[in-house]
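Peer 1:
Right under this line is the structure:
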């Protein structure tokens, strides 16, 4: 059995700081748009393999694409945003981890048991003049939310990971996007729905994150609420910068609406609604095949990635909150075997490192990277293919004083998930109105600004 492990090499945190809002006509489309700077911070550990899931087994179906805090990779790509919640003197700023998998933005609120240490004080609804709870009779109080006493609407999130969970009530308040320095504009949006967690279990927030910001397609997500107000054009886009540009001290952007660059040259595939009726809203795409080094692996058929509407297992999603790509076990085992054969042809031997049983290859990064193969993911239609560069498919690590490069794709029984580690240097644009995913290679470091 193979557990999913995280590689301790780089750790991204994206901090939302200055905001450029265009609330009137913008560009030729006439739609509103804005951009949130993504500030990457890279933390490199000693290169020791570190377990991503302390309990459970990847092929046993542990759901690591549940709400993000417990799932936060201790290494690998991660992004968060810094937002203000509340109004006037009661307004405070919090860091929320970005998540494409779950439907609700939520954060710790007083009283919270246990109260986890975070960056900034825990939000106090009692002193926020614009805060109101969402009534149980509100049309938004439907699955996955429930009705409780005193006319409140509650959320009860089971992380399905080590018994982790969060419980609380839905509320509404002002969200504020802060400028960076004297005279910078401050833009706010009133009455956004979010979850106030008054009880958590197993909430591993690294002593920083107050909660999670949702970018999925459920009506209570951040992007859907902004789009319903005409502020995001039902589109968002990101182009993730790799660690090789760390020395440039530059940050990319999470772009919305009319601030998204032209995508007429991009390939596209349909975004599917496979779980929205079940109160979820992840971004599914129709993955039909895989190639290694330009050669189609015919043993991996479209049926390998079939979605089961009854169990909600299978299918392929994208999630910037998942560090690396996870793949359905039948497809993973075929791909991994072919990677081993490819490397052996070049004289590079593999090793299965305990305790994760992770597929790795002997040698220093510089000595064997020239032999790394590429992977191409084929979507329907076949012209929509995502090319993943060889260097994005392996992770440099050290085990018992020996250098290895480990394969950055793992088996996962729940579904296939394209993670952030394999999204670098490709622009992804999610168009919720037309149900399309656009993607195209891009030098993402060119769409950055200097970090002050």
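Residue numbers (mature numbering (1 follows the signal peptide of the UniProt record, and there is no 0)): -22 to -1, 1 to 430.
Virtual Cβ for every residue (Gly too), placed ideally from N, Cα, C.
Model, not experiment: these values are computed from the prediction.
Going straight from the alpha carbon of residue 112 to that of residue 147, what length do you get?
Peer 2: Roughly 8 angstroms separates the two Cα atoms.
Peer 1: Once DSSP output is grouped into helix, strand and coil, what is the label at residue 86?
Peer 2: Residue state, collapsed to three classes: strand.
Peer 1: Mind checking if residue 348 is an interface residue toward chain B, Cβ cutoff 8 angstroms exclusive?
Peer 2: Note that chain B does not occur in the displayed structure, where there is just one protein chain.
Peer 1: Give the straight-line distance between the Cα atoms of residue 367 and residue 120, rounded to the nearest whole angstrom.
Peer 2: About 42 angstroms.
Peer 1: If we count the other Cβ atoms within 10 Å of its Cβ and call it buried at 16 or more, is residue 240 buried or exposed?
Peer 2: That one is exposed.
Peer 1: Please state the DSSP three-state secondary structure of residue 253.
Peer 2: Residue 253: coil per DSSP, three-state reduction.
Peer 1: Please state if the CB of residue 12 and the CB of residue 82 are separated by a distance shorter than 8 angstroms.
Peer 2: Against a cut-off of 8 angstroms, the Cβ pair of residue 12 and residue 82 comes out as no contact.
Peer 1: With 16 as the cutoff for other CB atoms within 10 Å, does residue 289 come out buried or exposed?
Peer 2: Exposed, because fewer than 16 other Cβ atoms sit within 10 Å of the Cβ of residue 289.
Peer 1: Should residue 93 be labelled buried (16 or more other beta-carbon atoms within 10 Å of its own) or exposed?
Peer 2: Exposed: under 16 other Cβ atoms inside 10 Å.
Peer 1: Quick test of the definition: if touching needs 3 or more C-beta pairs under 8 angstroms, does the region 401 to 419 touch the region 384 to 393?
Peer 2: At 8 angstroms Cβ cutoff, the stretches do not touch.
Peer 1: So the candidates are 210, 307, 118, 60; which of them puts its Cα closest to the Cα of residue 476?
Peer 2: For residue 476 there is no data in the structure shown, the boundaries of the chain being -22 and 430.
Peer 1: Could you give the distance in angstroms between the alpha-carbon of residue 401 and the alpha-carbon of residue 303?
Peer 2: Roughly 9 angstroms between the two C-alpha positions.
Peer 1: Quick check: what's the CA-CA separation for residue 145 versus residue 423?
Peer 2: Cα to Cα, the separation comes out at about 39 angstroms.
Peer 1: Specify whether the region 412 to 422 and the region 332 to 340 touch according to this definition: at least 3 beta carbon pairs, one from each stretch, less than 8 angstroms apart.
Peer 2: They do not touch, by the three-pair rule.
Peer 1: Indicate the three-state DSSP secondary structure (helix, strand or coil) for residue 260 in the structure shown.
Peer 2: Correct three-state label for residue 260: coil.
Peer 1: I think residue 321 touches residue 313, with their Cβ atoms under 8 angstroms apart; what is that distance to the nearest whole Å?
Peer 2: Not confirmed; about 13 angstroms, so no contact.
Peer 1: Can you give me the C-alpha to C-alpha distance between residue 293 and residue 285, rounded to a whole angstrom?
Peer 2: Taking the straight line from one Cα to the other gives about 4 angstroms.
Peer 1: If we require 3 or more residues per run, which beta strand (DSSP E) segments fall completely within the region 183 to 213?
Peer 2: Segments of the beta strand (DSSP E) lying fully in the region 183 to 213: 189 to 192.
Peer 1: Tell me which residue opens and which closes the beta strand (DSSP E) that residue 308 is part of.
Peer 2: Segment 307 to 323 is the alpha helix (DSSP H) holding residue 308; no beta strand (DSSP E) there.
Peer 1: When you compare only the Cα positions, how much space is there between residue 340 and residue 385?
Peer 2: Rounded to whole angstroms, residue 340 to residue 385 spans 12 angstroms at the Cα level.
Peer 1: Would you kindly check if the distance between the Cβ of residue 187 and the Cβ of residue 75 is under 8 angstroms?
Peer 2: Yes, the Cβ-Cβ distance between residue 75 and residue 187 is below 8 angstroms.
Peer 1: To the nearest angstrom, how far is the alpha carbon of residue 413 from that of residue 245?
Peer 2: Residue 413 and residue 245: Cα-Cα distance of roughly 14 angstroms.
Peer 1: Among 403, 259, 16, 213, whose alpha-carbon lies nearest the alpha-carbon of residue 220?
Peer 2: Selected option, being the one with the closest Cα: 403.
Peer 1: Taking the CB atoms as reference points, tell me whether residue 426 and residue 229 lie closer together than 8 angstroms.
Peer 2: Yes, these two residues count as a Cβ contact at 8 angstroms.
Peer 1: Looking only at DSSP bridge pairs, what is residue 177 linked to?
Peer 2: Paired residue(s): 91, 145.
Peer 1: Under 8 angstroms, do residue 309 and residue 268 count as touching if we go by C-beta distance?
Peer 2: Result yes, Cβ atoms of residue 309 and residue 268 sit closer than 8 angstroms.
Peer 1: Mapping the DSSP letters down to three states, classify residue 344 as helix, strand or coil.
Peer 2: Correct three-state label for residue 344: helix.
Peer 1: Within 10 angstroms of the Cβ of residue 356, are there 16 or more other Cβ atoms? Answer buried if so, exposed if not.
Peer 2: The residue is buried, with at least 16 neighbouring Cβ atoms inside 10 Å.
Peer 1: Excluding the five sequence neighbours on either side, which residues of its own chain have a C-beta within less than 8 angstroms of the C-beta of residue 327, listed in chain order?
Peer 2: Excluding positions up to five away in sequence, the list reads 321, 339, 340.
Peer 1: Thinking just about the alpha-carbon of each residue, which of 91, 213, 165, 196 is nearest to the one in residue 179?
Peer 2: It is 91.
Peer 1: Assign residue 369 to one of three DSSP states: helix, strand, or coil.
Peer 2: Of the three classes helix, strand and coil, the one that applies to residue 369 here is helix, per DSSP.
Peer 1: Leaving out five residues before and five after residue 192 in sequence, what residues of the same chain have Cβ atoms less than 7 angstroms from its Cβ?
Peer 2: The answer, listed in chain order, is 77, 80, 81, 82, 83, 199, 200.
Peer 1: Can you check which of these residues, 266, 273, 115, is closest to residue 281 by C-alpha distance?
Peer 2: The shortest Cα separation from residue 281 among 266, 273, 115 belongs to 266.
Peer 1: Can you name the start and end residues of the beta strand (DSSP E) that residue 297 belongs to?
Peer 2: Looking at the DSSP string, the run of the beta strand (DSSP E) that includes residue 297 is 294 to 297.
Peer 1: Tell me, to the nearest whole angstrom, how far the beta carbon of residue 115 is from that of residue 109; I am working on the premise that it is less than 8 angstroms.
Peer 2: Not confirmed; about 18 angstroms, so no contact.
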